[in-house]
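Structure record follows, encoded as structure tokens.
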Amino acid sequence: MDAISFVLGEKTSCLRVKKLSELIHGAPIGAPVASRAHVTAIYCENETTEIHFTRIVAGSSSEYRIDGKPVSHNDYTSRLESLGINVKAKNFLVFQGAVESIAMKSPKERTALFEEISHSIDHKEEYERLKTEMMKAEEDTQFTYQKKKGIAAEKKEARLEKEEAEKYQRLKEDLATKQVHYYLFKLYHNEQDIENMTEELAEKNKELEKVCRKREKIEEEIKDKKKEHGKLQREFSKIEQQIREAEVELNKKRPTYIKAKERTTHMQKKLETARKSLKAAKKVNEAHEAEIKSLEDELAEVEKAQQDFEEQLAEESKSEGRDLTLQDSQVEEYNRLKEEAGKLSSRYLQELDSVNREQKSDQDRCDNEIRKKAEVESKIKQKRAELEENVRRLEKLTEYIRTSETGLAELRGQEKDIGEEVQEAKKRVADINEELESILNELGDAKVDKHEDSRRRKKAEIVDHFKRLFPGVYDRLVNMCQPIHKRYNVAITKVLGKNMEAIVVDTERTGRSCIQYLKEQMLEAETFLPLDYIDAKPLKERLRNIHQPKNVKLLYDVLQYDPPAIKRAVLYATNNALVCETAEDANKVAYELGDNKRYDAVALDGTYYQKNGFISGGSTDLAKRARRWDEKALHNLKYRKEKLTEELKEMMKKTRKESDLTTIQSQIRGLETRLKYSITDKENTEKRVIAGLEREIAALERELDTFEPKISDLEERMKDRESRIQDVKESMNTVEDRVFADFCRSIGVENIRQYEERELRATQERDKRRLEFENQKNRIINRLEYERSKDTHENVKKWTKTVEDDEKELEKLKKAETTQMQLIDDEMQNLERLKTSKINKKAEVDKLEESTSEIRKRLAAAQKDITSAQKQVTALETRLEQKRADRHSLFQTCKLEDIRIPMIEGSMDDIDHTTSSQQDDMDISDVSGSQSTQRIYEKEAKIKIDYTDLSEDLRELDSNEDIKKEGDRLFKEINDMLSLLRRIQAPNMKAMEKLDGVKERLKETDTEFENARKRAKKSKQTFEKVKRERYDKFMKCFDHVSNRIDEIYKALTNNQSAQAFLGPENPEEPYLEGLNYNCVAPGKRFQPMSNLSGGEKTVAALALLFAVHSYQPAPFFVLDEIDAALDNTNIGKVARFIREQTETSFQCIVISLKEEFYGHADSLVGIVPDPGECTISRVLTWDLTKYPE
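All residue numbers for the sequence shown refer to full-length UniProt numbering, where the first residue is 1 and numbers rise by one.
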């Protein structure tokens, strides 16, 4: 079907593809994809003549050929139409599924189909064009006719107007005379007022200049004072900066001083300890030296005693008197006798020697034990001295540990206090900074508000001027209203909007006068609320009774105002708006209150729901504007900021103690280390050194206790042995007495022992004494050597050097501490000096400010005088301008109303044509407009009026009351005449000219009417001709189809009771409306086409198709699966009808999948795939004419 549609010239939109290139299918094996495709239809006119219709697609374009020759699309379709193939009507081609849609076409669509088939559509454009021209011509004719009637009426009216105009002209001339007289009166007295005011204004300006000069002098003084104040303020700021720098420098130096002081204190403690150690060492050394001295003195005494003993012996020898010296022979005799006695007493002598040896041995052992005892006693004394020294050292360590622990506790307490203080200060600094940031943000808003306040003050001056100049001015609405509670500030600000700053005036005239003043002074635009002009809606009392949502109030009720006279302005601004707690409540009140009405509702946060559907939310700008209701916010914010700034300075000073905290922590670590070492040293001294010394002393004392028993035992034995020695000696003496008897007598002694005792005893005593002296000397020398071996002086020297070094270091540290203290003192003195300088400078600033304040008071007084003078000048200028404006208005009125004022100089052309209402519409900020007004006034001032016609009585009026009274009288006369003229209804003064014009126009209209009538007749004839042609073509087709359709439908259903009929909706012009198609199925009643079954619709559609095809039959008919909705019975009926028609009328090609249908065909054509490397369609044909039915 696509191929048949394509080759017959169908558009791409009517095919089942989006673009022509999609029609190209497949490619030859081993070859690239094809970019071209073509379809050729061969039409056989007879057995010998064939026409080849070819359409080629190449890419996205197509080419048309007839018998191989390229032709255009129009030629191609024209040739097909000549063969009865109408592509647009599609009366030869029925697509799959399109049968039912044909039956269900709308009447308009059926009309379009019939127009295509009948070719009546060819006349459609010309029909519509001619119809339009005809209607226009008829309208022109009617219009011309009405115009002719109107002009005839005007002609009659013009005659009456001519008569009235003559009467009206006489009255108007009298009025003009009165008006000239009235305006001359007004202008004369206006000029007199202007002259008087000009003179008075000149005097006031002189006074103003005098006061201004006085103010300028005061301003110069203030300027000088400001310079001086600025200089002092800079010096004051510089001093404050220096104070801050000095405080920072002082805070930097304090830790250094504290560290130096700590070092000095530590060194002092160390020096005191060294001095105590030196004192102890000196004490030990002095005791040691005293011991040595006592030993040396004892040695000297022993030596002196020995010397005295020797001298005594010498003296005794001299004092004996008898010389016992023996001669040599006597000595020899003595020796011989001694030898003999020795021989005789050898036994006793041996025993005596043996006993003496034992005695001497015991004596040596005794002396040794005594020496050992002395050494042990010396060791005990030495160890006790060491023990005492270590005990003193332990006491020092204990005291140092105690003081260190106390100092450590103090430092930890300081660390805790300072740490907590620093942390609290830091936390507070963070809190203060956050609060300050918030306050600064609010202050930023407040500054904006302050700037706006400055603008308001300027605007307030404007309002003051208005109040002085125009009595009907009240004030700005915001200045006369106040919310009952600050919670309503935002809501009220939102609703009032621009009316918040509007100026309330009594009348519209007052408002216009204020606008004129703003323009002349080149001031900003203002909004005015005239109480007699604004549309103030009455208060709706029922809105006060809203209970749900809660707390809903009229905005009018939460707003206080004064004076009561502005009630209309408040009602106008609030406009019955309602204020609610939340935005949800406002939304509900505005749109869902339940009474099917809408209201304006605003929430406390500024969300505004308007009854027209607009919704606007609150904003930051709205909150700023709402602060207009609270003037104290700026002062409170500033006070809070100053307080927080001072507190921040104090907290910053506390945070700077963090350096002190670091120093204290360093001191704590050092002290803890020293305390740790001291505790270790104390424990070592207490547990090891002192305990060891105590153990050694106890051992030595135990050893000392062992010497006494030994010495006592030896002395007892020696005493017993001494008795034995005496016995032996007596035995020996007896032997000697016998041997030496003769010898003794010879030498004169009793016995030899007398000689020996006297000589030997003295010798023995001498030897004994000498031995004792030697023993004592040896003992003393040994002790002396031992004591001297103990170098206590070195310890003294060591501690002396330590003390000297510590004293030097202490002196150095004291100097450093003094230097740091001096630096701190210098900084503190500098700080005090700067603070004193600050106080003095502050006093100077305050004094200067007081002086400036006095000058400012003088300036304010001068300014007040100037303001007063300016007000007077402004009032005069305003009155003068008003008079000039009045004069200008009088001139304008005269010019606009064409009142000819007699003039000596100038003319009416010199008067500006701009009206006051036009000036009101001008932009008030237009500077050129004001300058233009001044030029107009100057130009009009040059006009000199001739007051000759004005009577002396009217000129000589003095009082304003008389002038006003006379002016009102003249004005009343003019108004009376105007009233009379208005009652007469002013006629057309050009009635004669109008009458002539009407006659001429009537003639022209007659001609125009005749021409229009002729054009309308011609247009109607042409239109009727085209209409007839279109109607004939359409009805020819329609009549044929409507006559054939019933017959075809009966044949298709094979039932004569079946009916099918077509009917036009517009019988006169059926192509303008639709065509109705209805069928009555066999055995059924009439019902709409949409209620028929699918098969019935298909049969009805086929009946219509075959009927249409019968009007201008195409050579062939292609039907694609028209039997889809048919049962076998209906398929047989349709197939039988088609077979009958193909025998006489046309060739029919049916695409079907049902055996019942293609069983009635003459031949079958099958399309099957041919298996291979790619799918290729293969065509099978079968001729059925060879076989019987």
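The C-beta atom is built at its ideal place from N, Cα and C for all residues, glycine as well.
Can you look up residue i in the DSSP assignment and give me helix, strand or coil?
{"i": "THR527", "result": "coil"}
{"i": "residue 1190", "result": "Not covered by the structure: residue 1190. The range shown for the chain is 1 to 1189."}
{"i": "VAL17", "result": "coil"}
{"i": "ILE42", "result": "strand"}
{"i": "PRO483", "result": "strand"}
{"i": "ALA409", "result": "helix"}
{"i": "MET104", "result": "coil"}
{"i": "SER35", "result": "coil"}
{"i": "GLU956", "result": "coil"}
{"i": "TYR474", "result": "strand"}
{"i": "TYR677", "result": "helix"}
{"i": "GLN1112", "result": "coil"}
{"i": "VAL552", "result": "coil"}
{"i": "ASP921", "result": "Residue placement at ASP921 cannot be trusted, given a pLDDT of 43 that sits under 50; the coordinates are not used to answer."}
{"i": "MET134", "result": "helix"}
{"i": "THR915", "result": "Any reading at THR915 needs caution, since the residue's pLDDT is 44, under 50, leaving its predicted position unreliable; the model's value is listed next. Here THR915 sits in coil by DSSP."}
{"i": "ILE984", "result": "helix"}
{"i": "TYR533", "result": "coil"}
{"i": "ARG129", "result": "helix"}
{"i": "SER5", "result": "helix"}
{"i": "HIS288", "result": "helix"}
{"i": "HIS1040", "result": "helix"}
At which residues does the beta strand (DSSP E) containing residue i begin and terminate?
{"i": "ASP1170", "result": "1163-1170"}
{"i": "LEU578", "result": "578-580"}
{"i": "TYR561", "result": "559-561"}
Name the DSSP beta bridge partners of residue i, please?
{"i": "TYR64", "result": "ARG55 and VAL71"}
{"i": "LEU1075", "result": "PRO1064"}
{"i": "SER1177", "result": "PRO1169"}
{"i": "GLN233", "result": "For GLN233, which the question treats as bridged, DSSP gives no partner whatsoever."}
{"i": "LYS944", "result": "GLU905"}
{"i": "TYR609", "result": "ALA601 and ILE615"}
{"i": "LEU1119", "result": "VAL94 and VAL1150"}
{"i": "ILE503", "result": "ARG476 and PHE528"}
{"i": "residue 1253", "result": "Residue numbering for the chain in the displayed model covers 1 to 1189; residue 1253 lies beyond these limits and cannot be assessed."}
{"i": "ASP1183", "result": "SER1163"}
{"i": "residue 1218", "result": "Since the displayed the chain opens at 1 and closes at 1189, residue 1218 lies outside it and no answer follows."}
With residue i as the anchor, note down where its alpha helix (DSSP H) starts and where it stops.
{"i": "ALA861", "result": "792-896"}
{"i": "LYS11", "result": "It is not in any alpha helix (DSSP H) - LYS11 carries neither H nor E in the DSSP assignment."}
{"i": "GLN516", "result": "508-520"}
{"i": "ASN489", "result": "489-496"}
{"i": "TYR1158", "result": "1155-1158"}
{"i": "VAL570", "result": "567-574"}
{"i": "ILE747", "result": "741-747"}
{"i": "LYS588", "result": "583-591"}
{"i": "PHE1086", "result": "Here PHE1086 belongs to no alpha helix (DSSP H), and DSSP marks it neither H nor E."}
{"i": "VAL1134", "result": "1128-1144"}
- Does the count of Cβ pairs from the segment 241-257 and the segment 373-386 closer than 8 Å reach three? Counting Cβ pairs under 8 Å, fewer than three are found: no touch.
- Query: So does the segment 1057-1069 actually touch the segment 164-181, counting three or more Cβ pairs closer than 8 Å?
  - Reply: Short answer: they don't touch.
- Item | Cβ contact (3+ pairs, closer than 8 Å) linking the segment 862-876 and the segment 154-165 | With contact defined as three or more Cβ pairs closer than 8 Å, the segment 862-876 and the segment 154-165 are not in contact.
- Spell out a yes or no on whether the segment 546-554 and the segment 578-586 are touching, meaning 3 or more CB-CB pairs, one atom from each, closer than 8 Å. A contact is defined here as three or more CB-CB pairs under 8 Å, and the segment 546-554 meets this definition with respect to the segment 578-586.
- Are three or more beta carbon pairs between the segment 809-824 and the segment 404-416 nearer than 8 Å? Flag = no, the segment 809-824 and the segment 404-416 do not touch.
- Message: Check whether the segment 1153-1169 and the segment 1120-1135 touch, using three or more Cβ-Cβ pairs below 8 Å as the test.
- Response: At 8 Å Cβ cutoff, the stretches touch.
- Message: With a threshold of 8 Å, are at least 3 pairs of Cβ atoms found where one atom belongs to the segment 898-913 and the other to the segment 940-950?
- Response: Contact holds: three or more Cβ-Cβ distances are below 8 Å.
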